[in-house]
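A.B. asks: Residue numbers (full-length UniProt numbering), protein chains in the order written: chain Z, 1 to 538; chain G, 1 to 292; chain A, 1 to 427; chain F, 1 to 377. Pasting in a structure now, in C-alpha cells, and then I'll have a few things to ask.
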Amino acid sequence: MNAILTLCLLIGALLPFSVAHAATGEATVQSGSPMLLELTKTKLSKMPAVVEKLEAEGGDAYLPLFRTWLAGNLYYVKSNRSLVEKMGSGKQVTFQAMFSGDPMPDLKKKQVKKVKVNNKLRGKLRSVIARIQLTSEDSSVREAAVRELLAKLDKNVIGILEGLHVKEQNLDVKAMIATALSLYAASDKSNSQSVRLSAIEDLSDSLENDVRNGLTKLTNDSNKAVAAAADEALVSINQRVERYALVDQLFFGLSLGSVLLLASIGLAITFGVMGVINMAHGEMIMLGAYTTYVVQLMMPNHIDYSIWVAIPAAFLVSGLMGVLIERLVICRLHGRPLETLLATFGISLILQQLVRTIFSPLNRQVSTPTWMSGSLEINPVLSLTLNRLYILAFALLVFMALVLLLKKSSLGLNVRAVSQNRNMAKAMGVKTEWVDAMTFGLGSGIAGIAGVALSQLTNVGPNLGQSYIIDSFMVVVFGGVGNLMGTLVAAFTLGIANKFLEPTTGAVLAAILVLVFIILFIQKRPKGLFPQKGRAAE
Amino acid sequence: MSTLDQSLQGLRDTFRRDQVWPFLAPEQAQVDVGNQMILYVEGLNLSFDGFKALNNLNLYVGDGELRCLIGANGAGKTTLMDVITGKTQCDSGTVYFGQNHNLLTKDEADIAQLGIGRKFQKPTVFEEQTVFDNLELSLKTDKRVLPTLFSRLSPSEIDRIDEVLAIIGLRKQRFMKAGALSHGQKQWLEIGMLLVSDPRLLLIDEPVAGMTAQETERTAELLTSLAGERTVIVVEHDMEFVRSIARTVTVLHQGSVLAEGTMDQIQNNKDVIEVYLGEEQDDEGNLAGVMA
Amino acid sequence: MKIKTLASAIALSGATLIALPSMAADTIKVGVLHSLSGTMAISETTLKDTVLMMVEEQNKKGGLLGKKLEAVVVDPASNWPLFAEKTRELLTEEEVDVIFGCWTSVSRKSVLPVIEELNGLMFYPVQYEGEESSKNVFYTGAAPNQQAIPAVNYLKDELGVERWVLAGTDYVYPRTTNKILEAYLKDMGVAEEDIMINYTPFGHSDWQSIVSDINKFGSAGKKTAVVSTINGDANVPFYKELGNQGISSEDIPVVAFSVGEEELSGLDTTPLVGHLAAWNYFQSVETEENEEFITQWKAFTKNPDRVTNDPMEATFIGFNMWANAVKDAGTTDVDAVEQAMIGQETPNLTGGVAVMNKNHHLSKPVLIGEIQDDGQFETVWETDGVVAGDAWSDFLPGSKDLIADWTDPVKCGNYNTETKACSGQNY
Amino acid sequence: MIKLLNWFSAGRTSGKYTLPFVVILLSITVLASAANLLLPQDSALYVSTYSITLLGKYLCYAMLALAVDIIWGYCGILSLGHGAFFALGGYAMGMYLMRQIGDRGVYGNPLLPDFMVFLDWKELPWFWLGMDQFWFAMVMAVLVPGLLAFVFGWLAFRSRVTGVYLSIMTQALTYALLLAFFRNEMGFGGNNGLTDFKEILGFDLQADTTRVSLFLITAILLAVILMLSQRILSSRLGKVTLAVRDSEARTRFIGYRTECYKVWLFVYSAVIAGVAGALYVPQVGIINPGEFSPINSIEIVIWVAVGGRGTLIGAIIGALLVNYAKTRFTAIMPDGWLFALGALFVLVTLYLPKGLMGLYGQLTSKRLTKGEQEAAS
C-alpha cells in the first residue's frame, strides 16, 4: 500500500526532471525510473515480476543492468538508493554509477547494500537477456540466445523468431532459429499432421537437448503418426548421442591416464632406474602443489601466468628437496632397496607434518587460470573440459622431454650406465654419487611438476601425496620397472580400463577390479608389461 | 552292443591285476644308464635376443667319465650348464639324464634331487650360516617341507659330514660362518656341498679360480678320485689344470662343439688352431693364452 | 656417536614410563578429543582451537565455580581405535570433567562404549546421521531433519525441482541421510526414475564420469538438483569438475550438507556461485553475537582471514550450555550436569536461542545459503522459528517407533513406543 | 601329538635369550594384572585398566610384528600387506562379538546387527551365518587369513614374483581389501566397521576381570607363538629359510622347492597375524577398514626394523617401543609427534640397520673383545 504511495510521490517528483533531460538520452531517464527504485525495496520472492516490468519498460537499454545484476555486482547506495555497479573483487573494490558509469571513488563498502539475486532470479534474468539479445550484433550471442529460448517457446517468442528468421543472415543462427520453429511447429497440435511430420523430419538431425526432450514429449502424442515419427527421430538421435558418449568416456579415460602418468613418471625414474622405493614420492607431488599456491600468492594479479612460473619453481623446489634427501639419507642405503622404503616413509611423515605446521592442515586455494577453465564444445552432447585437455597434453610433453633427456643428454647416458652396471660405470670414471643425486633430483622434480598439474584438479592439502602414491607404484610395476614406455602404456591402460568399468560397476568396485587385475597380471608376467632384459634385470 | 563290449574292455583294462594305474606308478628314480651314457644333449639351441648362445649343440657324456669343457668366453660353456640344471629354458633340443629323465621338463629342484650337483663360477655359499649348516643343508635327504621340519641329523649323516669336512680340509672351521672363509676355502666348501649330496653328475664351473698352487693340486686329485663312481664335467680356463686332470676334452666355439678328444689331439686339431689363427701361440703350442 | 644419542633418546622416552602425572583437582579439566594429524586434521584442528578459545574466554570471566578451566588436548590422529583409547586416557588418567570432540561418526561410535562405561560427558558438535542418543553425549550438530529435509523442501518449493540426484561419499552419514530423503521424496510422490543415487569412496578425486552422468540425468527437461552429502576432501575436485563441465547453479543447483566456509576457503569459488548449502549457521549472518564471535576468533587465531563455520557454532553453543549447566548444578558431576543440561537455553550466533531437548539434541533454526564469489554464503531462505533435532528419523522403517527421552519416567535413549521397551544401553 | 611334543622339547628351543625373555614377559603381565585387580585404586602401585588395555594392545601389535619378522627377517619376503591378515582375523572376532550383542542393539533386532537394520537389510548375509559360534568364528579367524595367504603366496611364489614386486603386490592386496571393506554393500559395516560390543563368551567386555584375562591370554599366546616359532626356525627348516633369504637360486640347486617353503611360511605368518587381530578387537572395542590401510602395514615393518629383524625378540621389543613412543608423543606434543616418529624411522634405518638388537649385539661383542684383550695381556 504505502509502497505504491511512495511510488506515486516519486513519479511526481521525477517527472519534470526526466522531461528536462529527455534529450540527453534514455540512460538518465531510466536511472531515475521508479521500477529501478523497486529493485532496492522488493523482497527476493517478488523480484521476478519487477524484472518483467523492467524488460517491458526499458528493453535493451537495461541490458547492462541485467548483466551486472546477474553477475551479482549490482549494489545501491543506502543513503539515496541510487544503483551502483561493483568493480573488481577481493580487497580492491570500487564502485561506479550504473548506466552513466561515473566512478564513485569515495564510496565505501559500508555505505552500499547488495541487490540480492538467487537462482530463480538468475534464471529469469537469463531468459530476459536472451530475449533482448535476439537482436544483438554478435551472431554467436544470437545463437546462444535462441538456444536459451528452445526450452521456453511460446506464441509471442515464436512470433519474434519468425520475424528474425527472415532477416537472419548468419547460417548457424538461421539453422538454430529453424530448429526452434520446427520444434514449436511439431508440438503445436493446431498444425496439420503433414506439417508436424515434416517438422519432426527437420528435427531428427539436431542434437540439442531441448529438442530431444520435446520429441520425448511427442512420443506419447495423441496423434499416432506424429508419435511414431517422433519416436524414430529420437532413436536416430540417440544413436548418435551414444556414439559421442563413447568418445566422451575415452577422453575421461585418457585424462585419468594422464594424471596417473604425471604422478608415476617421477617414480619410474627414482624407483625404476635407481631401485629406490621412494615412499616420499607423494610428498614431492604435494610440495609441487604447494609451490603453485605460494607462487599464486606472490602474483595475485597475474593468475593466468602464474602456472608458467609455478612449473619451473615446483621443479626446483621438489628437485632440490629430492637431492637433499638423496645426499642425506638414500646415498647411505645403497644396495638395500627395501630399507630405503622405511627411511623415505619416515621422511614422508616429516614432510607432511612440516607442511601442516607451515600452511595449516586446511586445504589451500589454488585458482585456475581463465585460459584453463571452461570446456571445448564440439557439439551439444560432446564437450571436452579444457583443463583436462591441457593436462593431457602437458603429461605427454613432460614424458617426451624426459625420454629425450635420458636418450640424448650426457646425464641420461650416465644414468643409464649407472642403472645397468654401477661398478662398471664407476670404473669408467662416472661420478656415480653425482649421477644418483641428479637422477633422484630429476625424479622428484618431475613429481613436483605433477603437483602443479594436480593442483588444478584436486585438493592442495597435506594428504595430497598419499592419495597418489599407491596408484603410482601400481602403474610403474604394471608397466615394468625401469621402462618409461611401459609406464606410459600402463598409465593409459589403467586410466581407460577404470573409466570404462566405472559406469557398470561404480567407482569403488572399478578401482578394486583394476587392482585385482594388476595382482593377477604380475603373476603371469612377474616383471611387468615391458620387462628389463639382460644382466640389469638380475 | 559293441559299445558295451568296449566299455567292458575299458573296465577290464582299468582293473587289470598285472599293472597299476599310471598315476599310481612310482616315478623311476633310478637313472637308467643302460649303454654307459649318462648325459645326452642333442640339437640344443638358445638365443638371447639375436645372439646365439647355443647353436645346435650335441654332447654325450659317459657314465663315470671326467670331461673338461674349454672354450673362449661366450662359447656357451656356462649357458650349457644353465640349461642342464634347469636355470634357463632352451629354444629347442633335448637333454636326457640317463635314458629315462628328460631334464627339460623338470625344474632346478627336481634336477638337483635326481643327483645333478652344480658348482658355480662365483662361489655361492650361505654366508650367514656355519660351514656345518651349509653341508647339512646339502645332505641327500627328503627335501619336502614337513620332513625337513621334523628332520634330525642321524649319526650316519653326521659321520658323512665329518668325512667331507676332512676331505675339503675345513674341520677346524666347521662352526665358522661361511661368510668368514677365504675365497679358496669357499671354493672348497662349495665342492664339499656337492660331495655331501653324493650326486651322479657334477657340473663344476672354474673350480680352481683364485686357488693357490697346492690347493689347485689337491682339487685335481679330488676330481680325478671322484671320477669313476661319479661323472664329472669341469669347465676351466687354466690349461695346466685341464691337462693335469683331463681324459677327454670338449672345445666349444660359438655355441657348438668344435672338437673333442684328448688334450694332445685337441692341441693339434686343425679347426681349433684355425679358429684361433693369428693369435700367438707359445712354442709348446699351448693354447692357454688363447683359451683363457 | 649418533648411535649413542639415539640410544639415550630411547632410554629417556623409556624413563617416562611411570604413570602419567595427574593434575591437582583445583582446576576443572576440559578434554579436547580432535584429530590434529591424519586425514581428519583438516576439519578437526579448527574445533580444537575453538574449544581452547572458549576456555580462555571462560577463564577471563573468572572460570567456573571459582575454579579455572584447564584444557587437556590429545591427538587421536584420525585413527578410530585411538579415539577410544584416548577417551579412556582422558577419563581415567587425566580425569577430565567434560570432553569436546569427534567429527566423524565412526570416531563417535568408537568412543561411545568407553564414555558410557566410565560415565563421562561428551559434546559432539558435527551434523550427523542421527539414529543415536546416549546418556553421556550431547549432540549440538544438526540431525538430518535439521538439514536435509528443510533443504529438500526449499529446492522443491522455491526452485520447483522435480528430479533429484542424491550424491554422497560411501559411509554412514550419506547412506542414512539418503535413505531418509529417498523415503521422504517418495512420500511426496516423486517417481523412482526421478531419483538418482550415487556413492563414491573417500577422497574421490576423479569426478569426470559422475558429473557428466549427473549432467545427462539433469537434461531430461525437468528441473534437477543435486543433494550432496559428499565428504570434505572430495568436494573440491567435485565442484571444480562441475565448473569445468559448465554446469552452473541455474542449470543444476547443488545443495551440500558438508560444505561450509572452511571447505570453501580451500577453493576458488567463482564457478560455484549460486550453489547451495544447508546449515544452522553462516558466518555472513549479521548479528551482534556473530560479529563478536568472529572478531574473537580472528584475534585468537591471529589471522584476519580465518573463517567460522557451523561446527564451530555448535561447539560454541555446547560449551556455553555446559558452562551454564555446571553453574546451575553447582558441580561438575556428570549425572547432575546431564540433568541440568536438559532445557538449557543459550543464544545462537544467528539470533534466537538454542534449546537442549530431552533427547540430547538441540532446537535450532535452519538456514539455506548460496555460495558467493567471496567464499561466503548468502542466506536465501530460513525456517521460521527453530526446528527440534530428531534423534530417530520417522522415515526409516527401523526407527520410526523409537524416541529418546532422558527425563523420568522414560530415561532411555531408544525407547520403543510400540513395545514400550528400552534397548541398546551400555549400563 | 606325542611326536610333536617331543619334537618340540627336542633340540635347542631357540636362541639363548628366548626363555629369559618369556619369563620376564609373563611375570610382568601377571604382576600388572594382579596390581590391577588386587590393589586399591589409590595405591601407588595400582595399574589402571587403561594401562592394562594399552599393554594388551601393544602385545597384539608385538604378535603382529613377530609374524612379519618371521617372513621378512628370516625368509626375506617383505610384506607390505600384513595389516590385511591382522584385520581379517579382527573382523572374524568382530563378527562374533556383533552376533553376541543379540537383541541388545539400539534397534533391538535379535538377528541383524544395527548397521544392517538402518541400511534396512532383510536377512543376514550368508557369510555371517555361524559367526555366533565362538569356535567357528575362531576357526575363521585363522582360516581366512591362512587361506588368503596360501592363494596369494601360491600364485606369487610359484611364478617367482620376488623383492620389490612382491612388496608392492602385497600392498595392492591390502589396498584392494581396504576399498572393498569400505563399501557398505559388503555387509561389514562399511567405514564404521563393527563396534559397540557387549560381551565375549558371556563375560562383560567392560569388566576389569575380562580385560585382564584377555590381556593375560594375549601374553601367554605371544609366549607360546614365540617359542614355537623359535623352535621351527632353529630346525633344519629354519636353516633352509635362511638359505632362501640369502640365495634362493642356490637353495634350489641343492634340491629344495623354495616356493613351497615360502608359501607355508607365509601362511604360518598370516595365521599368527590373524590370531593377533582376533585378540586385538575385543581389547580396543572396534574393528574397521582403517586397519587395512597400507600405511598401517608399513608401520608394522618399521616396528620390526626398529627392534631388529631376524631376531624374534627384536621384533617384539620394536613393536612395544615404537607404540609406546607413539602414545607418549601424542600426549606430550600432539602437534609434533609425527616429526619425532618420522625422525625415529630415518635414524634407525640409517644408523641401526640391525635394529636395537643389533646395537645390543655390537655393544656386547665389543665388551667381549675387550675382555679377550685383557685376558691376553
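For glycine and all other residues, C-beta sits at the position ideal for the given N, C-alpha and C. Just so it is clear, the structure is predicted and the values come from calculations on it, not from any experiment.
Taking the Cβ atom as the reference point for each residue, do A:T104 and A:L69 lie within a distance shorter than 8 Å?
C.D. replies: Result no, Cβ atoms of A:T104 and A:L69 do not sit closer than 8 Å.
A.B. asks: Looking only at C-alpha atoms, which of F:L111, F:Q230, F:E291, F:L143 sits nearest to F:L312?
C.D. replies: With distances taken between Cα atoms, F:L312 lies closest to F:Q230.
A.B. asks: Taking only beta-carbon positions, decide if Z:S348 is within less than 8 Å of chain A.
C.D. replies: It does not: the Cβ of Z:S348 has no partner Cβ on chain A nearer than 8 Å.
A.B. asks: Between A:G246 and chain Z, is there a C-beta pair that is closer than 8 Å?
C.D. replies: Yes - at least one Cβ of chain Z is within 8 Å of the one on A:G246.
A.B. asks: Do we get a CB-CB distance below 8 Å when we pair F:D69 with the residues of chain Z?
C.D. replies: So, not an interface residue.
A.B. asks: Mind pulling the chain G residues with CB within less than 7 Å of F:I24?
C.D. replies: Within chain G, no residue comes near F:I24; the closest Cβ sits about 28 Å away, beyond 7 Å.
A.B. asks: Between which two residues does the beta strand (DSSP E) carrying Z:V235 extend?
C.D. replies: Not the beta strand (DSSP E): Z:V235 falls in the alpha helix (DSSP H), residues 224-267.
A.B. asks: My output table needs one value for G:D5: the three-state DSSP class, helix, strand or coil.
C.D. replies: Helix, per DSSP.
A.B. asks: Considering only residues of the same chain and omitting the five flanking positions on each side of Z:V141, which have a CB-CB separation below 6 Å?
C.D. replies: So the qualifying residues of the chain are Q133.
A.B. asks: Give the single residue among F:Q362, F:G336, F:Y256 whose Cα lies nearest to the Cα of Z:V355.
C.D. replies: Closest by alpha carbon: F:G336.
A.B. asks: Mapping DSSP to helix, strand and coil, what is Z:W434?
C.D. replies: DSSP places Z:W434 in helix when its eight states are reduced to three.
A.B. asks: Measuring only between beta-carbons, confirm whether G:R67 sits less than 8 Å from chain F.
C.D. replies: No, its Cβ sits nowhere closer than 8 Å to a Cβ of chain F.
A.B. asks: Using 8 Å as the Cβ pair cut-off and three pairs as the minimum, do the region 39-46 of chain G and the region 57-65 of chain G touch?
C.D. replies: Yes: the two stretches touch, three or more of their Cβ pairs being nearer than 8 Å.
A.B. asks: Among Z:V226, Z:P48, Z:E377, Z:L406, which has the Cα closest to the Cα of Z:G266?
C.D. replies: Here the closest residue by C-alpha is Z:L406.
A.B. asks: What three-state label does DSSP hand A:Q191 in the structure shown?
C.D. replies: Residue 191 of chain A is actually Ala in this sequence, not Gln. Coil at A:A191, not helix or strand.
A.B. asks: Below 8 Å on the Cβ atoms is my contact criterion, and I expect A:A234 with A:G260 to pass it. Report the Cβ-Cβ distance as a whole number of Å.
C.D. replies: Contact doesn't hold; Cβ gap of about 15 Å is too wide.
A.B. asks: How would you call Z:L246, buried or exposed, if buried means at least 16 neighbouring beta carbons within 10 angstroms?
C.D. replies: So Z:L246 ends up on the exposed side.
A.B. asks: So, using beta-carbon positions, are F:Q100 and A:E117 closer together than 8 Å?
C.D. replies: No, Cβ-Cβ distance for F:Q100 and A:E117 is not below 8 Å.
A.B. asks: Quick check: Z:V128 and Z:W69, are their CB atoms within less than 8 Å of each other?
C.D. replies: No; because the gap between Cβ atoms is not below 8 Å, this pair is not in contact.
A.B. asks: Once the 5 residues before and after Z:G25 are set aside, which same chain residues still bring their CB inside 6 Å of it?
C.D. replies: For Z:G25, the predicted structure reports a pLDDT of 37, less than 50, and the residue's modelled location is therefore unreliable. The matter cannot be settled from this model.
A.B. asks: Quick check on DSSP: helix, strand or coil for A:A15?
C.D. replies: Since pLDDT at A:A15 reaches only 38, below the 50 mark, its modelled position is unreliable, and no value is offered.
A.B. asks: Where does Z:I522 fall in DSSP's three states?
C.D. replies: It is helical.
A.B. asks: Does Z:A151 pass the burial test, meaning 16 or more other C-beta atoms within 10 Å, or should it be called exposed?
C.D. replies: Its Cβ having fewer than 16 others within 10 Å, Z:A151 is exposed.
A.B. asks: Pairing CB atoms from the region 247-255 of chain Z with CB atoms from the region 193-202 of chain A, are three or more of them under 8 Å?
C.D. replies: Too few Cβ pairs lie closer than 8 Å, so no.
A.B. asks: Measure the C-alpha to C-alpha separation of Z:I325 and A:L91 and round it to an integer number of angstroms.
C.D. replies: Computed Cα separation, rounded: 42 Å.
A.B. asks: At the 8 Å Cβ level, is F:V240 part of the contact set with chain G, yes or no?
C.D. replies: Judged by the 8 Å Cβ criterion, F:V240 is in contact with chain G.
A.B. asks: Taking 8 Å as the cut-off, does the region 211-222 of chain F touch the region 261-281 of chain F (at least 3 CB pairs, one atom from each stretch)?
C.D. replies: A contact exists between the region 261-281 of chain F and the region 211-222 of chain F.
A.B. asks: Where do the N-terminal and C-terminal ends of the beta strand (DSSP E) with Z:Q96 fall, by residue?
C.D. replies: Note, Z:Q96: beta strand (DSSP E), 94-97.
A.B. asks: Once DSSP output is grouped into helix, strand and coil, what is the label at residue 391 of chain F?
C.D. replies: Look at the range of chain F in this structure, 1 to 377, and you will see that residue 391 of chain F is not part of it.
A.B. asks: Kindly indicate if chain Z contains any beta-carbon less than 8 Å away from that of F:Q283.
C.D. replies: With 8 Å as the cut-off, F:Q283 does not count as an interface residue toward chain Z.
A.B. asks: Between which two residues does the alpha helix (DSSP H) carrying G:F150 extend?
C.D. replies: Run containing G:F150: 145-150, per the alpha helix (DSSP H) assignment.
A.B. asks: Taking only beta-carbon positions, decide if A:W80 is within less than 8 Å of chain F.
C.D. replies: So, interface residue.
A.B. asks: Express the C-alpha separation of A:M40 and A:K179 in angstroms, rounding to a whole number.
C.D. replies: When rounded, the distance between both Cα atoms is 25 Å.
A.B. asks: Is the CB of Z:F521 under 8 Å away from at least one CB in chain F?
C.D. replies: Closer than 8 Å: no.
A.B. asks: Between which two residues does the alpha helix (DSSP H) harbouring Z:H302 extend?
C.D. replies: Element bounds for Z:H302: n/a, residue is neither H nor E.
A.B. asks: Cβ of Z:V508 within 8 Å of Cβ of A:D170?
C.D. replies: In contact: Z:V508 and A:D170 (Cβ atoms closer than 8 Å).
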